[in-house]
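So the sequence shown is numbered by full-length UniProt numbering: it starts at 1 and just counts up by one. Where is the CB? At the ideal position from N, CA and C, for every residue including glycine. Inspection log for the structure reproduced underneath, given as C-alpha cells.
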Amino acid sequence: MPTLNRPRWWTYLLIAMVGLLVLAPFAWMISTALRSTGQTLQIPPNLLPSPATLQGTREVFERLPFGTLLLNTVLASAGRVVGTLVIAMLAAYALAVIKVPGARIILVTILTLIMVPGDIFIIPNYAIISSLHLTNTIVALFLPNIFDVFAVFLMYQFFRAIPRELIEAARIDGLSHLRILVMIVLPIARSGIVTVALLTVLSEWKDLLWPLVINRSVDKLPLGPGLALLQGTYTTDYNVLMSAGVLAVLPMVIIFLLLQKQFIASVARTGLK
Numbered sequence: 001m002p003t004l005n006r007p008r009w010w011t012y013l014l015i016a017m018v019g020l021l022v023l024a025p026f027a028w029m030i031s032t033a034l035r036s037t038g039q040t041l042q043i044p045p046n047l048l049p050s051p052a053t054l055q056g057t058r059e060v061f062e063r064l065p066f067g068t069l070l071l072n073t074v075l076a077s078a079g080r081v082v083g084t085l086v087i088a089m090l091a092a093y094a095l096a097v098i099k100v101p102g103a104r105i106i107l108v109t110i111l112t113l114i115m116v117p118g119d120i121f122i123i124p125n126y127a128i129i130s131s132l133h134l135t136n137t138i139v140a141l142f143l144p145n146i147f148d149v150f151a152v153f154l155m156y157q158f159f160r161a162i163p164r165e166l167i168e169a170a171r172i173d174g175l176s177h178l179r180i181l182v183m184i185v186l187p188i189a190r191s192g193i194v195t196v197a198l199l200t201v202l203s204e205w206k207d208l209l210w211p212l213v214i215n216r217s218v219d220k221l222p223l224g225p226g227l228a229l230l231q232g233t234y235t236t237d238y239n240v241l242m243s244a245g246v247l248a249v250l251p252m253v254i255i256f257l258l259l260q261k262q263f264i265a266s267v268a269r270t271g272l273k
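Okay, here's the thing in C-alpha cells:
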C-alpha cells in the first residue's frame with residue numbers, strides 16, 4: 001500500500017520535460033541577447049554566446065526611449081490595477097454578499113462575456129475614447145480595460161467563500177456594507193486581490209494591439225508596441241530585439257517572485273472550493 005502513494009519516476013521525468021519546454025524559449029532569448037549582431041547570423045547557431053556581450057542592450061537605449069516606454073507601461077498598469085480592483089471588488093460584493101436581484105442573470109452574462117474575444121470591442125472603445133478626446137494619452141491605454149469581467153468573476157469566487165456568519169454578525173453590530181467590505185471581506189480575500197492585480201498587470205504589460213490603435217506618438221506608447229519598432233522592414237537585429245525583450249520581461253519576473261506565495265495560495269484555495 002505505501003508504494004501506491006509514492007510518485008512514480010516517470011512523473012518527475014514528465015514534469016522536467018515540460019519545464020524544459022517552457023523555459024527553452026526564455027533561455028534562447030537570454031542567449032541571443034548576449035550575442036553580437038555577427039553571432040546571431042552564424043549558421044549553425046551556437047547555443048551559448050562566445051564571447052558574451054551587452055552590445056544589444058546598449059543599442060536598445062540608443063534606438064528607443066526605453067525609460068519613457070517603461071514609465072508609460074508602469075503608469076498604465078497601475079491605473080488599470082486600481083480601476084479593475086475597485087470595480088471588481090464592488091461588483092463581486094454586490095453579487096456574492098448582498099446578492100442583488102438578478103444576480104444569477106448577471107453571473108451568466110459575465111460568464112458569457114468571458115468567452116467573447118476582447119478584440120471585437122476595439123472599434124467601439126476607440127469611438128468612446130476619441131469622443132472623450134483622450135487619444136494619445138496614458139489614460140487611454142487602460143481606461144477601457146478596467147471593466148474586466150474575468151476579474152469580477154474571480155473576486156466573486158473568493159467573496160462567496162467567506163462565511164455568511166461573519167457578514168451577518170457585522171450587520172447586527174451596525175456596520176455598513178462599505179465597512180464590511182473594507183474591514184472583513186478584503187482582508188480575508190487578500191490572496192485573491194493579489195492574484196487579480198498580478199493577472200491585470202500581466203495583461204496590461206503584454207498588450208500590443210490596443211495601444212497601437214489609440215496612441216500614435218512614440219512617447220505615449222507602452223513597452224509592447226515600442227519594442228515592435230525595433231523590427232526593420234527588411235532586416236532585424238535579433239540581439240537588440242531579444243535584449244529589449246529581456247529588459248521588458250524582467251520586472252514581471254521580479255513581481256511574480258515577490259508575490260508567488262499569495263498567487264499559489266489563491267489558486268490552491270480556488271481549486272478547493
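- Each of 47, 153 and 68 was checked against the Cα of residue 96, and the nearest Cα belongs to 153.
- Residue 116 and residue 163 have their C-alpha atoms spaced approximately 32 Å apart.
- Assigned with DSSP and collapsed to three states, residue 136 falls in coil, not helix or strand.
- When Cβ pairs closer than 8 Å are counted between the two stretches, the segment 78–96 is seen not to touch the segment 60–67, the count staying below three.
- As for any alpha helix (DSSP H) of minimum length 4 sitting wholly inside the segment 190–225, the runs are 190–205 and 209–214, ordered along the chain.
- In this structure residue 89 does not touch residue 183 by the C-beta definition: roughly 13 Å separates them, more than the 8 Å allowed.
- When the beta-carbon positions are compared, residue 149 and residue 181 stay at least 7 Å from each other.
- Residue burial annotation: residue 238 is buried, with at least 16 other C-beta atoms found within 10 angstroms of its C-beta.
- Excluding sequence positions up to five before and after residue 73, its CB lies within less than 7 Å of the CB of 205, 222 and 223, all in the same chain and listed in chain order.
- Beyond the five residues adjoining it in sequence on each side, residue 100 comes within less than 6 Å, by CB distance, of 94 in the same chain, given in chain order.
- A distance of 7 Å or more separates the beta carbons of residue 248 and residue 230.
- The alpha-carbon separation between residue 129 and residue 68 amounts to approximately 22 Å.
- Residue burial annotation: residue 219 is exposed, with fewer than 16 other C-beta atoms found within 10 angstroms of its C-beta.
- Check the Cα spacing between residue 85 and each of 201, 227, 71 and 217: the tightest is with 201.
- The straight-line gap separating the alpha-carbon atoms of residue 255 and residue 141 is approximately 21 Å.
- Taking 7 Å as the cut-off, the Cβ atoms of residue 158 and residue 192 count as close.
- Here the alpha carbon of residue 177 sits roughly 48 Å from the alpha carbon of residue 16.
- Residue ranges of uninterrupted alpha helix (DSSP H) with 4 or more members, entirely inside the segment 44–94 and ordered along the chain, are 55–63 and 66–93.
- Taking the CA atoms as reference points, residue 122 sits about 12 Å from residue 208.
- Non-local C-beta neighbours of residue 30 in its own chain, meaning closer than 7 Å and more than five positions away in sequence, comprise 246, ordered along the chain.
- If the five residues before and after residue 215 are omitted, its C-beta is found closer than 6 Å to the C-beta atoms of 136 and 221, all from its own chain and listed in chain order.
- The shortest C-alpha to C-alpha distance from residue 145 to any of 119, 105 and 131 is the one to 119.
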